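Engineer: So that we are looking at the same thing, I have put the structure below in structure tokens.
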Amino acid sequence: MKEWILKQNEDLRNKIREDVKEIVGPKSPAGGASNLRRSSRLNTNHKGKTDASPSKKTGNKETRKRKRKQVEVHSLSTGSESAGDIEGEADVQSTWKEDGNAPSSGTFDKCDDYGDALKITQEGDLMQEESDFDHCSSNCTKTKESMMREIENLELKLQLYGGHGLNNLTYDELLHFEHQLESSLHIARAHKREQQQQQTDKLKENLMLCQRQEDDDIMHRQVKKENPPVFFSSSRRHNQPQD
0 MKEWILKQNE DLRNKIREDV KEIVGPKSPA GGASNLRRSS RLNTNHKGKT
50 DASPSKKTGN KETRKRKRKQ VEVHSLSTGS ESAGDIEGEA DVQSTWKEDG
100 NAPSSGTFDK CDDYGDALKI TQEGDLMQEE SDFDHCSSNC TKTKESMMRE
150 IENLELKLQL YGGHGLNNLT YDELLHFEHQ LESSLHIARA HKREQQQQQT
200 DKLKENLMLC QRQEDDDIMH RQVKKENPPV FFSSSRRHNQ PQD
């Protein structure tokens, strides 16, 4: 079950990666800017035409400070960025803002480089997937815990049944063996019930035979009591007074 969940997560990551590639587009070899960056640049250029834009030097300096501050905060929270990565990202940011226009509010967070955008998207979707998996809807008939207990019980049954190596079996194979075990168990139970029924019938037959013999003995004793032997009856007639 654990391997199956990991495989599903891996498939989901691949699908998310393909979707992000379609949305963001590949990086250009010259400037390193993606389609998402180009669209952001167009938006900031359009805004710069209406608003007062700072000078080129001031814009680059403020952009570098903002970028360095954001990267440092991100590195403190995750601990995954190196010094080389920070410098490289600062260079890309300065190249991206050569026109001197400062990014609009939230542009840096939403339009980070391709790797970070993919990372954020994957983490959000995986968290949602884990939340959906842990909290199943009311229509679910089996919870995660019950499925794990069912698989553990099934593995134990398989070990007792045939000594199969369970480490390489998939979930579908385990279910297949479970159906086989249920079928074999059904046949064994039917055979057991048939044997018990035969034993019960035999005991009933013996009981009826014993009861019949006992009834015959009682009847025989009653007949003897009502009809005494002949010599007793003849002696009684002989002793009776004659009229």
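First residue of the sequence shown: 0, per numbering that gives the first Met the number 0; consecutive thereafter.
Note that the Cβ used here is the ideal one computed from N, Cα and C, for glycine as well.
Keep in mind the model is a prediction, meaning the values are calculated, not measured.
#1: Quick check on ASN226: does DSSP put it in helix, strand or coil?
#2: Below 6 angstroms CB to CB, which residues in the same chain sit around LEU153 once its five sequence neighbours on both sides are set aside?
#3: Please say whether GLU9 and THR169 have beta carbons closer to each other than 9 angstroms?
#4: So, for GLN221: in the same chain, excluding its five sequence neighbours on each side, which residues have a beta-carbon less than 7 angstroms away from its beta-carbon?
#5: Let me know the secondary structure DSSP gives THR169 once reduced to three states.
#6: Out of curiosity, what's the CA-to-CA distance linking LYS191 and GLU151?
#7: ASN13 to ALA187, Cα distance in whole Å?
#8: Express the C-alpha separation of ASP215 and GLU204 in angstroms, rounding to a whole number.
#9: Between the alpha carbons of LEU208 and GLU149, how many angstroms are there, rounded?
#10: Is the beta carbon of ARG220 within less than 8 angstroms of some heavy atom of the ligand ZN?
#11: For ILE4, which option in SER183, MET147 and LEU206 has the closest C-alpha, if you only look at C-alpha atoms?
#12: Under 8 angstroms Cβ to Cβ from GLN198, same chain only, skipping five residues before and after it: list those, please.
#13: Can you tell me the Cα-Cα spacing of GLN7 and ARG16, whole angstroms?
#14: Using only the alpha-carbon positions, how far apart do ARG211 and ILE217 sit?
#15: If you draw a straight line from the C-alpha of LYS224 to the C-alpha of LEU202, how long is it?
Structural biologist: With the structure as the only source:
#1: coil
#2: LEU173 and GLU177
#3: no
#4: none
#5: coil
#6: 27 angstroms
#7: 47 angstroms
#8: 17 angstroms
#9: 50 angstroms
#10: As for the ligand ZN, it is missing from this structure, which has no ligand bound.
#11: MET147
#12: none
#13: 14 angstroms
#14: 10 angstroms
#15: 33 angstroms
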